[in-house]
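For reference, the structure discussed in these notes is given below.
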Amino acid sequence: MTDESQDTAEFWELRLYVAGTTPKSLAAFANLKRICEEHLAGRYTIEIIDLCKQPALARGHQILAIPTLVRKLPEPIRKIIGDLSNTERVLVGLDIQPAGNKSSDTEQDQGS
């Protein structure tokens, strides 16, 4: 059953914390959906958490700004704050290899 852990490592569990349907929240979701479809097709879930409806979760989940994207799986947990409009920054922040790019990690640092 240890082989199943490799399959789990390839699955991405993402949470997007927003505050209602503000333009920035909507942009963050649209950008995240586009990035996931391009780079993680069929290997991800997105959970939207509206902090206007569940404000206590902000404290419990240590969310200090919105929108915030949290990568729950694969571990380690990572967070990105903002509307996710900078695709390269999101890919680097989540440690996602761009689709079709199997090159070394050192190339990711060139965009900084």
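Take the sequence shown: its position 72, counted from the start at 1, is 598 in the working numbering, and no numbers get skipped. Heads up, the beta-carbon is just placed ideally off N, CA and C, and yes, glycines get one too.
Assumed close pair residue i, residue j - CB separation to whole angstroms, cut-off 8 Å
{"i": "V616", "j": "D576", "result": "With a Cβ gap of about 21 Å, V616 and D576 do not count as contacting."}
{"i": "I606", "j": "A591", "result": "That pair is no contact at about 10 Å."}
{"i": "K559", "j": "D609", "result": "About 13 Å separates the two Cβ atoms, so there is no contact after all."}
Sub-8 Å separation of residue i and residue j beta-carbons
{"i": "E536", "j": "R569", "result": "yes"}
{"i": "E593", "j": "L542", "result": "Correcting the residue type first, residue 593 is Pro in the shown sequence and not Glu. Yes."}
{"i": "R604", "j": "G619", "result": "yes"}
{"i": "L595", "j": "L552", "result": "no"}
{"i": "Y622", "j": "L566", "result": "One point to set straight first is that residue 622 is Ile, not Tyr, in the sequence displayed. In contact: I622 and L566 (Cβ atoms closer than 8 Å)."}
{"i": "T613", "j": "I574", "result": "no"}
As assigned by DSSP and simplified to three states, the class of residue i
{"i": "I607", "result": "strand"}
{"i": "E536", "result": "coil"}
{"i": "G619", "result": "helix"}
{"i": "S630", "result": "At S630, the pLDDT of 40 sits below 50, so the modelled position is not reliable and the matter cannot be decided from this model."}
Counterpart residues of residue i in DSSP-defined beta bridges
{"i": "R541", "result": "E573, V596"}
In chain order, each beta strand (DSSP E) run of at least 3 residues that lies wholly inside the stretch 548-603
Considered as a whole, the stretch 548-603 harbours 570-576, 594-599 as its complete beta strand (DSSP E) runs of no fewer than 3 residues, in chain order.
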